[in-house]
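Asker: Just so we're aligned, residue 162 is where the sequence shown starts under this note's numbering, counting upward by one. Built from N, CA and C at the ideal position, the CB exists for glycine as well. My structure is below; once you've seen it, I'll send some questions.
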Amino acid sequence: DADFENSERDMAKTVIGIYVIKPEDAEACDPPLDVGLIVEGVKVLQNLGDVTKACALLLGVIYSLNLSYPSDLKYTFEFFQKVLLGLDAQKLSHKIQVLNNKLVG
Numbered sequence: 162d163a164d165f166e167n168s169e170r171d172m173a174k175t176v177i178g179i180y181v182i183k184p185e186d187a188e189a190c191d192p193p194l195d196v197g198l199i200v201e202g203v204k205v206l207q208n209l210g211d212v213t214k215a216c217a218l219l220l221g222v223i224y225s226l227n228l229s230y231p232s233d234l235k236y237t238f239e240f241f242q243k244v245l246l247g248l249d250a251q252k253l254s255h256k257i258q259v260l261n262n263k264l265v266g
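What follows is the structure, encoded as structure tokens:
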């Protein structure tokens, strides 16, 4: 199937991320067939069940492998780490500090 081949090709180019596989005819609320993590084009974790668990495990993989956040997702990961998880929360970048102030203000 062309869509599957395109998806596999895109996943192989992914530096770090979460993938979700659903059947073609699935509704938005239907559970996925698979949720997993990709690091440098390789599926490192599969069958995680849901995106929430995948997000938590992605942060753990980044931390345990001492990886740098991808530059285009730097602020997303900083928000996850410092605002949502409260890790090293006293050292926020200006962008994240402004967002945090809007959320709690």
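Taking residue 199 as the reference, which of 219, 189, 210 and 190 has the closest Cα?
Answerer: Residue nearest to residue 199 within the set 219, 189, 210 and 190 is 219 (criterion: CA-CA distance).
Asker: Tell me residue 198's beta-bridge partners as DSSP assigns them.
Answerer: 179 and 206
Asker: Quick one: Cα of residue 172 to Cα of residue 249, how far?
Answerer: In this structure, the alpha-carbon of residue 172 lies about 31 Å from that of residue 249.
Asker: Go to residue 243, then tell me how far its alpha helix (DSSP H) extends in each direction, as first and last residue.
Answerer: From DSSP, residue 243 is part of no alpha helix (DSSP H); its letter is neither H nor E.
Asker: Is residue 186 near residue 196, with beta carbons less than 8 Å apart?
Answerer: no
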